[in-house]
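A quick write-up on the structure given underneath.
2 protein chains.
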Amino acid sequence: MVDSIELDPKIWPDTADRNSRGEITIGGLSVTSLVEEYGSPLFIFDEAHIRERARQYLSAYNTADVPTDIYYAGKAFLSTTVAKWLVEEGLRIDVCTGGELEVALRAGVKPESILFHGNNKSVPELEKAVEVGVGRIVVDSLVEISRLSQIAAVKGVTQQVLVRVTLGVEAHTHEAISTAHEDQKFGLSIASGAALDAIELVLSQPSLSLLGLHSHIGSQIFDASGFEIAAHRIVELADTVRKKFDFTVTELNVGGGMGIAYIPEDDPIQVGHMAKAIHEIISTECARVHFPLPKLAVEPGRAIVGGAAITVYEIGTVKPVLVTDELVRHYISVDGGMSDNIRTALYDAQYTVALASRQTAALAVTSRVVGKHCESGDIVVRDTLLPADLAPGDLLAVAGTGAYCRPMSSNYNFLPRPAVVSVKDGKSQVLLRRETMDDLLALDPGIK
Amino acid sequence: MVDSIELDPKIWPDTADRNSRGEITIGGLSVTSLVEEYGSPLFIFDEAHIRERARQYLSAYNTADVPTDIYYAGKAFLSTTVAKWLVEEGLRIDVCTGGELEVALRAGVKPESILFHGNNKSVPELEKAVEVGVGRIVVDSLVEISRLSQIAAVKGVTQQVLVRVTLGVEAHTHEAISTAHEDQKFGLSIASGAALDAIELVLSQPSLSLLGLHSHIGSQIFDASGFEIAAHRIVELADTVRKKFDFTVTELNVGGGMGIAYIPEDDPIQVGHMAKAIHEIISTECARVHFPLPKLAVEPGRAIVGGAAITVYEIGTVKPVLVTDELVRHYISVDGGMSDNIRTALYDAQYTVALASRQTAALAVTSRVVGKHCESGDIVVRDTLLPADLAPGDLLAVAGTGAYCRPMSSNYNFLPRPAVVSVKDGKSQVLLRRETMDDLLALDPGIK
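Sequence lines, in order, name chains S and G.
0 is the number of the first residue of the first sequence in numbering that gives the first Met the number 0; add one for each residue after it.
0 is the number of the first residue of the second sequence in numbering that gives the first Met the number 0; add one for each residue after it.
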């Protein structure tokens with residue numbers, strides 16, 4: 000049968016189901032009714048899924064012997080409502096610009112539970128962060144340390160900081176790559192000595208208080224292997240700092256990057272297993288050099304919201320294209336595209352897609368879901384099987400669009416961005432309203 | 000010396016220069032003064048450059064024997080002011096969504112000089128286009144032909160259309176690839192018979208009037224070679240239509256895709272040479288089958304505005320990173336990034352960048368210009384040489400950002416999008432005003 004009928008629980012939101020008419024439902028509401036109410040395309044978040052992932056992280060990481068702070072990486076998707084849910088569940092929030100900080104503050108997130116990232120925070124951003132009392136600022140360069148120190152001194156406060164270090168470890172989906180150096184914009188290299196210089200500089204500033212070290216080894220991490228070398232190197236650095244400066248860091252933040260399943264072949268490690276592995280690795284490394292076990296922190300973003308949302312599109316045209324003399328590909332054009340999901344074009348990201356508005360007994364055929372933009376690379380799902388009887392007016396649902404889709408969305412071709420709604424127990428609410436042409440035209444002073 | 004001091008006229012806007020303080024000027028105004036007035040980052044368009052390119056296209060293509068319509072491809076960059084300039088110069092406008100159509104209409108562009116593209120125009124978009132009297136709609140699928148025919152019939156008008164055909168020719172920068180079939184969302188294939196079916200369907204609809212055929216062979220085209228096979232196939236199709244349906248098409252639109260120079264190595268053909276080559280190719284093909292020479296049309300977008308703009312950024316941090324034991328790379332972090340220019344990450348696009356706010360005698364060193372987003376792929380210019388003495392507060396200018404940068408821009412990490420201004424003869428004006436945090440927060444109903 001058509002494999003797009005079954006909703007793989009690994010990929011779809013926790014409450015995703017099909018009703019008797021074959022419509023996909025989230026939180027008890029059919030996508031058909033949601034599109035009727037809010038229009039298409041539409042991002043639909045499953046509130047229960049988000050809250051459940053937050054709880055899983057908290058319980059998996061917070062064992063008696065290793066207290067761990069869970070920071071939600073707001074860059075994955077941020078709105079005041081989502082921030083409130085996560086704080087209610089006990090998470091903290093990680094932001095990386097003044098804009099994200101503003102949203103978190105407007106959501107009522109306590110400043111002391113906010114962590115501020117970024118390779119190039121502006122002076123006004125740092126001033127604001129210090130002023131409101133952001134709990135942790137992750138410093139990323141020598142110039143930033145001086146800048147922040149001065150800002151804190153002027154304001155008469157002591158700012159808690161972490162130093163972001165690069166370990167020379169890159170964790171890819173199924174492999175960890177380890178080198179001495181890292182050719183990237185973030186962090187201060189252990190191997191080059193920059194990390195130690197930065198730590199020394201922080202320790203010399205009376206207006207800065209060094210809490211600990213921060214590292215981040217990659218994205219879509221599916222297993223714990225990369226953390227072994229990472230933990231070895233970062234604990235070794237902490238030990239060097241203790242010996243050299245007689246200062247003991249009390250916090251290690253190992254960053255984010257925990258992966259989710261976009262397609263059936265994706266097999267990310269369970270959060271409980273990952274937590275256990277990371278705790279063991281850190282404990283072992285600390286024991287090796289008799290380093291007092293620090294507080295840990297992790298920063299899941301995609302792992303919390305990525306699988307929680309789907310994007311629903313309405314089909315506009317179906318075009319069978321003869322690709323070779325043997326192969327016909329159905330090009331299914333939808334009413335959105337690379338403006339609401341750039342990840343397929345940007346990262347060759349793969350997605351799972353299904354007919355969402357009815358049932359069908361039609362055979363599955365080679366299909367490609369494309370957008371309505373004037374660009375041949377405007378592809379939503381490159382290779383998939385979809386029912387042969389898809390027709391204009393049918394709704395398609397793309398799973399796993401909760402992270403990095405709406406945040407990276409554009410108005411390419413003057414397409415207003417879709418609404419984002421959430422559903423729980425048969426009730427829906429707007430997280431971000433749909434843009435209108437008036438919103439877009441408001442920036443053009445030539446519009447009368 | 001530092002090659003970033005010289006402004007290669009092939010790459011930079013026509014009026015770009017350096018004043019006695021070493022500041023880059025456009026239209027007589029220094030980028031320093033423009034950033035003081037409008038903030039950073041800032042897109043700066045050279046009005047004279049845009050008008051000059053429009054005039055070049057008109058004079059190159061409009062010879063006595065081959066009248067040619069020049070459609071500006073609005074997707075490259077559209078604002079009411081730019082649309083007005085181009086119409087003043089004699090260009091027509093090509094749009095591909097209801098949003099772009101709206102901007103063109105608000106700019107006062109005459110509907111009959113607008114051409115409407117798109118693989119998935121919605122019913123409301125088609126209705127609006129027919130209603131306002133858009134001159135040409137390029138139909139892209141059988142279902143769209145039926146849809147448009149019905150809309151026009153209901154409104155009691157005859158809508159002029161072109162049929163978009165796929166030729167099996169892909170023009171890349173320096174090569175033309177030719178196959179029988181094309182695996183893409185646009186158009187109707189000649190080889191599969193879909194093009195002829197579509198033409199027959201159009202001819203059978205009393206509410207549609209077939210003007211001609213449309214093809215588009217690629218992007219960043221640097222020479223005319225791809226047009227030879229293209230013209231051969233499209234004129235052959237026109238001849239088949241004449242013989243089979245006793246109908247002679249009177250218009251051939253060969254699309255856009257004319258390239259520009261982003262870096263010194265780029266060597267696009269001059270517009271005059273390209274026009275001459277296309278005219279000769281089409282004339283030869285028509286003569287071969289005794290086909291009456293049709294009106295031609297081309298659709299430059301990037302070629303008009305791409306080189307007309309620069310993006311100015313302020314440097315926030317400079318970080319020397321030890322890449323290997325022999326190589327240090329300067330990571331120059333600026334106050335924008337992949338939100339205002341996704342092309343580097345999306346297409347591995349290359350750009351030319353220069354220190355814009357002062358002169359320097361410093362040596363050039365291996366550098367990478369990166370943005371402030373929380374993503375290691377947030378790169379503006381991957382490999383470049385820049386003065387070793389760059390420091391926070393310096394301004395950098397990236398050339399060739401007039402096309403597909405602001406239109407594809409996002410609010411990733413809640414970064415408001417930069418202002419877009421234009422300069423001419425020492426005077427500046429706003430094309431699109433800078434976004435504010437309030438603009439972004441306005442979509443979140445949780446903001447009080």
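All C-beta atoms in this analysis are idealised placements derived from N, C-alpha and C, irrespective of residue type, glycine included.
Burial state of residue i, where buried means 16 or more other Cβ atoms lie within 10 Å
i        : result
G/ASP68  : buried
G/GLN159 : buried
S/GLU111 : exposed
S/ALA286 : exposed
S/GLY271 : exposed
S/ASP334 : buried
G/MET0   : Confidence in G/MET0 is poor, its pLDDT being 40 and thus under 50, which makes the residue's placement unreliable; the coordinate value appears in the next sentence. The residue in question, G/MET0, is exposed, as its Cβ has fewer than 16 Cβ neighbours within 10 Å.
S/ASN18  : exposed
G/ILE309 : buried
G/THR400 : buried
S/ASP93  : buried
S/THR80  : buried
S/ALA398 : buried
S/ILE176 : exposed
G/PHE115 : buried
S/ASP2   : Confidence at S/ASP2 is low in this model, with a pLDDT of 46, below 50, so the placement of that residue should be treated as unreliable; the coordinate-derived value is given next. Result: exposed.
Nearest to residue i (by Cα), restricted to the options the options
i        : options                                : result
S/GLY89  : S/ALA53, S/ASN119, S/LEU104, S/LYS120  : S/ALA53
S/ILE378 : S/GLU143, S/ASP347, S/VAL86            : S/ASP347
S/LYS426 : S/ILE25, S/GLU5, S/VAL81, S/GLY315     : S/ILE25
G/VAL234 : G/GLY399, G/THR165, G/GLU181           : G/THR165
G/SER121 : S/TYR403, S/ALA418, S/GLY392, S/VAL419 : S/GLY392
S/THR178 : G/LEU345, G/VAL322, G/GLY27            : G/VAL322
G/GLY376 : S/VAL102, S/GLU101, S/GLY217           : S/GLY217
S/HIS231 : S/ASP245, S/ILE277, S/TYR261, S/ILE259 : S/ILE277
S/ARG433 : S/GLU22, S/PRO8, S/GLU36               : S/GLU36
S/GLY534 : S/GLU5, S/ALA103, S/ALA402             : There is no way to answer for residue 534 of chain S, as the model of chain S reaches only from 0 to 447.
G/LEU385 : G/LEU212, G/ARG416, G/LYS9, G/PRO319   : G/PRO319
G/SER203 : G/PHE246, G/GLY225, G/LEU430           : G/PHE246
G/ASP324 : S/VAL102, S/ARG50, S/GLY73, S/HIS180   : S/HIS180
G/VAL297 : G/ASN119, G/ILE10, G/LEU326, G/MET273  : G/MET273
Three-state class that DSSP yields for residue i in the structure shown
i        : result
G/ALA402 : coil
G/ILE23  : strand
G/SER421 : strand
G/ILE136 : strand
S/TYR350 : coil
G/VAL248 : coil
S/PRO386 : strand
G/PRO319 : strand
G/VAL288 : coil
G/PHE413 : helix
S/LEU187 : strand
S/ILE378 : strand
S/THR471 : In the structure displayed, chain S extends from 0 to 447; residue 471 of chain S sits before or after that span and is not available.
S/ILE262 : coil
G/LEU395 : strand
S/HIS116 : coil
Beta-carbon proximity of residue i to residue j, cut-off 8 Å
i        : j        : result
G/ILE280 : G/ALA223 : yes
S/GLY134 : S/ILE150 : no
S/ALA75  : S/GLY300 : yes
S/ASP64  : S/ASP13  : no
S/SER78  : G/ASP443 : yes
G/VAL168 : G/ILE228 : yes
S/GLY254 : S/HIS215 : yes
S/HIS329 : S/THR365 : yes
S/VAL162 : S/ILE198 : yes
G/VAL311 : G/ILE43  : yes
G/TYR71  : G/LEU57  : no
Check: residue i C-beta below 7 Å from any heavy atom of the ligand HEM
i        : result
S/HIS272 : This structure lacks the ligand HEM; in fact it carries no ligand of any kind.
Q) Taking the runs of the beta strand (DSSP E) that are 3 residues or longer, which of them lie wholly in the region 201-235 of chain S? A) 207-213
Q: Any chance you could list the alpha helix (DSSP H) runs of at least 4 consecutive residues sitting entirely within the region 30-77 of chain G, in chain order?
A: 30-37, 46-60
Q: Only counting runs of 3 or more residues, tell me where the beta strand (DSSP E) segments fall wholly within the region 324-370 of chain S, in order along the chain.
A: 327-333, 352-354, 363-369
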